[in-house]
Amino acid sequence: MKKIILVFKNELLNTIRRKSFLLTLILIPLGGFILTFIIGGSQKTSSPNVLTEIFSSPSRSSVYGIYDGSHMITDLPAEDRDTFRLFNSEDSALQALQNGEIDAYYSIDPDYVSTGKIILRKTELDLMGNDPSNKIKTMLDKALLKNDPATLKRVITPLVVTTDIQSAEPQKDPESMLTFYIPYVVTMLFYIVILTSASLMLSSITNEKSNRVMEILMTSITPLQMLTGKIVALGLVGLIQTIVWSGAGLLLLRISGRTLNLDSSVQLPASILIFGTLFFLSGYFLYASLMAGAGALVPNMKEASQATTILVIPLVIPLILISAIVNDPNGTLATIFSLFPLTAPVTMMTRLAAGPVPGWQIGLSLLLIVLTAYLVIRSVANFFRAQTLLSGKEFKRKYFFQALFGRL
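Residue numbers (the working numbering): 3 to 410.
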């Protein structure tokens, strides 16, 4: 145990002090900040003002103007007065837009009742901006049907559908866009975290092997001790990297005036965090061990890239089939891939994010991943022999799997 801790400390400190790691950790978020400021520089708000807003007060909400040529909207509802401004003329609305007092304004045609024509005028195209057109529609509905409250009520709320799903798990609104995107976000994040952490293992083993450090290590510790220390250390490094990048992403959203507001229809079970941690750890141990084995066999970093491509194919398969898995999380395809150890970590997280999964499948999937990871670690430990480390052979799939199953 003492030697495992020494390997852990050494690997952790060496990795976080490495220039390539620090550059990757810093430059990727920095690139996002630079891009945000470049885009922001071409808009009304300058970068210094953006930074001031971040640390001082919330960003200004969008304000929209209304010029009603039909004179149907004579006053604004109390709840909309912070979002809308009513103008008496087209010229005054246009002037306010040019002065930056409003973000856009709606010009309602004088013959709206017969034409239904409304023009939205703005200074720039914003594909991610909020669209308050539904509120304008509600105002017009109230103006048109102010003398017929019963019809107005039914126009504003044409139907009330109550869905009663007999399930113990929290349910998600199938019409919500967030319900559609969350499984994709969870899958991509899980894929990136596992792949990043496991790739650090391959890089570490390959570098130490090429520098002949590995042979020296093998004289004082066992391969299993070395692998355990490295896997735990690099897994922690991968989590640190993910936390930093995620924090930078949230800060970028704050800079751009966006927030992540999950509506009440989007409910993920609290257990997904626990299962996510378990599947990440088991999946990481499995792939980090495979990467370590590849690192022991390849003669240099150039060959290591070929090995990485082969090993990550099982992780890519769930990404290719993600639409099918999300649409039918308990289907045959999703079930098979969530029980096959190499595809299970990513597939099972996709299923958990998309809907309820039978408990026995979660337990069996986790058991199979852990068992496979244990067997792979034991097998990969045999790679670290003088005959293998010094062979200098070109990496081949056949050679790798023969070594993995103990046929060398």
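Cβ coordinates follow ideal geometry from the N, Cα and C atoms, glycine included.
Query, Result
"Per DSSP, what are the beta-bridge partners of residue 67 in this structure?", "87, 107"
"With H, G and I counted as helix, E and B as strand and the rest as coil, what does DSSP make of residue 73?", "coil"
"Rounded C-beta distance between residue 291 and residue 233? I'm assuming under 8 angstroms.", "7 angstroms"
"Give me the residue from 10, 19, 356 with the minimum Cα distance to residue 274.", "356"
"So, do the region 60-74 and the region 32-39 have three or more beta carbon pairs nearer to each other than 8 angstroms?", "no"
"Does residue 34 come within less than 9 angstroms of chain C when only Cβ atoms are used?", "Although the question refers to chain C, the structure presented lacks it and comprises just one protein chain."
"Terminal residues of the continuous beta strand (DSSP E) containing residue 122?", "120-124"
"Would residue 385 pass as a contact of residue 231 if the rule is Cβ separation under 9 angstroms?", "no"
"Could you say which of 350, 374, 109, 65 lies nearest to residue 103 if we only look at CA atoms?", "65"
"Report all residues from its chain with a CB closer than 7 angstroms to the CB of residue 221; omit the five preceding and five following residues, and keep chain order.", "none"
"Alpha carbon to alpha carbon, what distance is there between residue 93 and residue 140?", "25 angstroms"
"Take the Cβ of residue 59 as the centre, count every other Cβ of all protein chains shown within 10 Å, and call the residue buried at 16 or more, exposed below.", "Its pLDDT being 43, under 50, residue 59 is placed unreliably in this model, and the value from its coordinates should be taken loosely. Label assigned to residue 59: exposed."
"Following the continuous alpha helix (DSSP H) through residue 16, name the residue where it begins and the one where it ends.", "4-19"
"Start and end of the alpha helix (DSSP H) containing residue 375?", "361-383"
"Keeping to the same chain, check which residues put their C-beta closer than 6 angstroms to that of residue 297; ignore five residues upstream and five downstream.", "204, 207, 208"
"Is the beta carbon of residue 328 less than 9 angstroms from the beta carbon of residue 352?", "yes"
"Would residue 299 pass as a contact of residue 239 if the rule is Cβ separation under 9 angstroms?", "no"
"I'd like the span of the alpha helix (DSSP H) that includes residue 137, first residue to last.", "135-146"
"Using C-beta distances below 8 angstroms, list every residue in its chain close to residue 98, excluding the 5 sequence neighbours before and after it, in chain order.", "67, 87, 89, 104, 107"
"Alpha carbon to alpha carbon, how far is residue 251 from residue 285? Give it in angstroms, no decimals.", "24 angstroms"
"Under a Cβ-count criterion, where at least 16 other Cβ atoms within 10 Å of its own Cβ denotes burial, should residue 365 be classed as buried or exposed?", "exposed"
"Between residue 198 and residue 243, how many whole angstroms is the CB-CB distance? I'm expecting something under 8 angstroms.", "6 angstroms"
"Could you tell me how far apart the beta carbons of residue 282 and residue 195 are, in whole angstroms, since I believe they sit closer than 8 angstroms?", "6 angstroms"
"Buried or exposed, going by whether 16 or more other CB atoms sit within 10 Å of the CB of residue 126?", "exposed"
"Going by Cα to Cα distance, which pick from 96, 100, 63, 149 is closest to residue 411?", "Past the edges of the chain, shown from 3 to 410, lies residue 411, and the structure says nothing about it."
"For the putative contact between residue 277 and residue 375, defined by C-beta atoms under 8 angstroms, what is the C-beta separation to the nearest angstrom?", "Actually they are not in contact, since the Cβ atoms of residue 277 and residue 375 sit about 16 angstroms apart, beyond 8 angstroms."
"Along the chain, where does the alpha helix (DSSP H) that runs through residue 273 open and close?", "273-299"
"With distance defined between alpha-carbon atoms, name the residue in 315, 337, 361, 289 nearest to residue 377.", "289"
"Leaving out five residues on either side along the sequence, give the residues of the same chain with a beta carbon under 7 angstroms from the beta carbon of residue 293.", "200, 201, 203, 204, 313"
"Return the first residue and the last residue of the alpha helix (DSSP H) that residue 343 is part of.", "Careful: residue 343 lies outside any alpha helix (DSSP H) and carries neither H nor E."
"Determine the direct distance from the alpha carbon of residue 246 to that of residue 23, and round the result to whole angstroms.", "13 angstroms"
"Check for me: the alpha helix (DSSP H) holding residue 153 runs from which residue to which?", "151-158"
"Give the secondary structure of residue 223 by DSSP, where H, G and I count as helix, E and B as strand, and everything else as coil.", "coil"
"Sort 341, 190, 70 by Cα distance to residue 112 and report the nearest one.", "70"
"Any idea if residue 373 is buried or exposed, counting beta-carbon neighbours within 10 angstroms, 16 or more meaning buried?", "exposed"
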